[in-house]
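Numbering (our numbering), first residue to last: 7 to 444.
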Ligand SMILES: NC(=O)c1ccc[n+]([C@@H]2O[C@H](COP(=O)([O-])OP(=O)(O)OC[C@H]3O[C@@H](n4cnc5c(N)ncnc54)[C@H](O)[C@@H]3O)[C@@H](O)[C@H]2O)c1
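Quick look at the structure:
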C-alpha cells in the first residue's frame, strides 16, 4: 500500500500533473505558488483573507516580488487560482503550509495559525497526500503539532500520507536570489517523506539538501536567522562602542571586510524588523528554555538590537542639543518606514518604534517613504509626505531610518538642516546639511 501511494505521487510530481495546494498566500506562499504554476503544476492557493483571494483571482499581486504581469497569465491559463474554501484541500496531492508564526504579547510563539491550518488539512486528509510545513518555527513543531493531528487509525505517516518540513528562505526585495534559485532544505518524518519532499522541490529549484528529520530542518532555518540576528547585534554593539571611543564604525567595517577569509561584513542600523529576524530566534530560545537551556547569545543580541531605536532617539536628541534645540516641539522627518530598503513591509519595523519614542518626547513626526503611502501608528493615521524643499526646510531634523534607493538624497542634503543617517547612506555625498551617523 505504502509503495503504491509513494510511486503514484512520485509519478505525478515528476510529470507535473500533481495539484499543489498552498495554504497562506503571503510573502512566502504567493511566490511559491507562482513558482509551481510556472513549472506547469496546477496550483490552488488557500487563504482565509478574502481580499487576497480575490486579488489573486483577478491577477493582481499585493507582494512586491511578484509582478501582476507574471501572475495574470498563470491565472488566465487556470494554472493558479485562489480560494478561501477549505474543501479545495480535497483536490490537492501536495499541501504546503506558509502561514504566519508571530509572537504573542508575552513573547511566546503564537502557533495558532499552524494549528488552524493543520486542523483544516486533517479534515480533508486523503491517501497518498504530501504535507509540508514551510513556516518558520521551533524545532519539534511538525512532529509535535502537525503529526498527531494527521496520524491515527485511518492514516499512517510514511505509509498512507507523507509529512515533511522545508524552511522558506525567501528574501523579499532580493532580485538575485528568489524562491526558485535558492537551494531548499528538507527533512521528512520518515525517509519516504524526505524522498517525496525532495522530489517535489527538485521540480522548481536547482538543489535540494536532505537532513535527517523535520526537527533538523526546522533548526537549520533558526540557525540561519539566529546567525544574522547575533551578528547584527554584535555590530550594533560595535557601533555603540565606536561612538564612545570616538571612532567611525563604518570605516572600521569597510577596512575589516578587505580580509578575504574569516570575516563577513554586517552593518549597524536602527534595529531589526520584518517577520523573521526579530521573531525567529525567540522561537528557538523559547523552545531551548523548555528543555532547561538558556540561549544566551540570542537573548543578548535581542537586547542590543531592541535598544537601537532608543539609541537613535538618544543620538538625535544629542545632535539637536548641540544645535541649541530640544526634541520637544521639534519637527522630525523620518525617511524610510519599511523595515529594509526597497520593500513595502513595515512589520516590526524599527521606524515605528522610533516614531513612537519621538512622539512621547514631544517631537512632531512626519515621514517620507516611496514604498509606504500610508500607515497607522497606534490610533493615528499617517501619510507619506512628498520630499519637497519646503517640507525639508520646515524640519529641525531628518532621520534616514531605511535607505530606499527611490529617495532623492541630493535634495534631502541640499535642504535639510540636520540629518541623522542610521544607514551611512550619505557616505561620500556632499550637501549643506550637517550629517551625523550612528
Ligand atoms: N516574509 C519573509 O521574508 C519570510 C521569509 C522566510 C520565512 N518566512 C516565514 O514564512 C511564514 C509566512 O510568512 P509570510 O511573510 O509569508 O506571512 P504573511 O503574513 O505575508 O502571509 C501569511 C498568509 O497566511 C494567511 N493565513 C493565516 N492563517 C491561515 C489559515 N489558517 N489558512 C489559510 N491561510 C491563512 C494570511 O491571511 C496571509 O495571507 C512565517 O512563518 C515566516 O516566518 C517569512
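All C-beta atoms, glycine included, are put in the ideal place defined by N, C-alpha and C.
Taking all protein chains shown into account, decide if residue i is buried (16 or more other Cβ within 10 angstroms of its Cβ) or exposed.
i           : result
residue 401 : buried
residue 434 : exposed
residue 253 : exposed
residue 175 : buried
residue 307 : buried
residue 20  : exposed
residue 224 : buried
residue 195 : buried
residue 346 : buried
residue 263 : exposed
residue 265 : exposed
residue 251 : exposed
residue 431 : buried
residue 57  : exposed
residue 343 : buried
residue 357 : buried
residue 185 : buried
residue 99  : buried
residue 330 : exposed
residue 351 : buried
residue 271 : exposed
residue 13  : exposed
Name the residue from the options whose alpha carbon lies nearest to the alpha carbon of residue i.
i           : options            : result
residue 126 : 90, 308, 25        : 90
residue 333 : 190, 28, 367, 24   : 367
residue 255 : 38, 444, 55        : 444
residue 123 : 184, 61, 30, 191   : 30
residue 234 : 387, 139, 311, 16  : 311
residue 144 : 116, 166, 65       : 116
residue 188 : 373, 215, 201      : 215
residue 407 : 355, 440, 414      : 355
residue 76  : 180, 166, 40       : 40
residue 374 : 413, 420, 173      : 413
residue 160 : 133, 70, 248, 169  : 133
residue 217 : 105, 61, 193, 15   : 193
residue 120 : 137, 113, 112, 303 : 137
residue 503 : 171, 181, 128, 273 : An answer regarding residue 503 cannot be provided, because it is not within the stretch 7 to 444 covered by the chain.
residue 418 : 340, 378, 385, 379 : 340
residue 171 : 190, 157, 177      : 190
residue 246 : 321, 384, 441      : 321
residue 309 : 239, 45, 102, 13   : 239
Rounded to whole angstroms, what's the CA-CA distance from residue i to residue j? Just pull it up for me.
i           : j           : result
residue 228 : residue 147 : 13 Å
residue 59  : residue 53  : 6 Å
residue 389 : residue 359 : 17 Å
residue 409 : residue 428 : 9 Å
residue 305 : residue 28  : 33 Å
residue 42  : residue 398 : 46 Å
residue 244 : residue 376 : 31 Å
residue 276 : residue 33  : 23 Å
residue 328 : residue 371 : 20 Å
residue 301 : residue 152 : 26 Å
residue 25  : residue 48  : 5 Å
residue 335 : residue 130 : 59 Å
residue 50  : residue 38  : 11 Å
residue 141 : residue 212 : 21 Å
residue 404 : residue 163 : 57 Å
residue 86  : residue 325 : 53 Å
residue 220 : residue 149 : 7 Å
residue 135 : residue 168 : 6 Å
residue 381 : residue 387 : 6 Å
residue 16  : residue 209 : 11 Å
residue 241 : residue 95  : 46 Å
residue 393 : residue 421 : 10 Å
residue 92  : residue 114 : 28 Å
residue 81  : residue 280 : 29 Å
residue 261 : residue 166 : 57 Å
Spell out whether any CB of chain C is found under 8 Å from the CB atom of residue i.
i           : result
residue 175 : The chain inventory of the structure shown lacks chain C, comprising one protein chain alone.
Per DSSP, which residues does residue i bridge with? Please list them.
i           : result
residue 190 : 214
residue 48  : 25
residue 410 : In the DSSP output, where bridge partners are listed per residue, residue 410 has none listed.
residue 103 : 29, 139
residue 266 : Looking at the DSSP assignment, residue 266 forms no beta bridge with any residue, so it has no partner.
residue 170 : 138, 194
residue 207 : BP columns for residue 207 are empty, so no partner.
residue 388 : 381
residue 374 : 341
residue 427 : 406, 443
residue 88  : 51
residue 163 : 167
Measuring only from the beta carbon, is residue i closer than 7 Å to any heavy atom that is part of ligand 3?
i           : result
residue 239 : For ligand 3, the structure offers nothing, since it holds only ligand 1.
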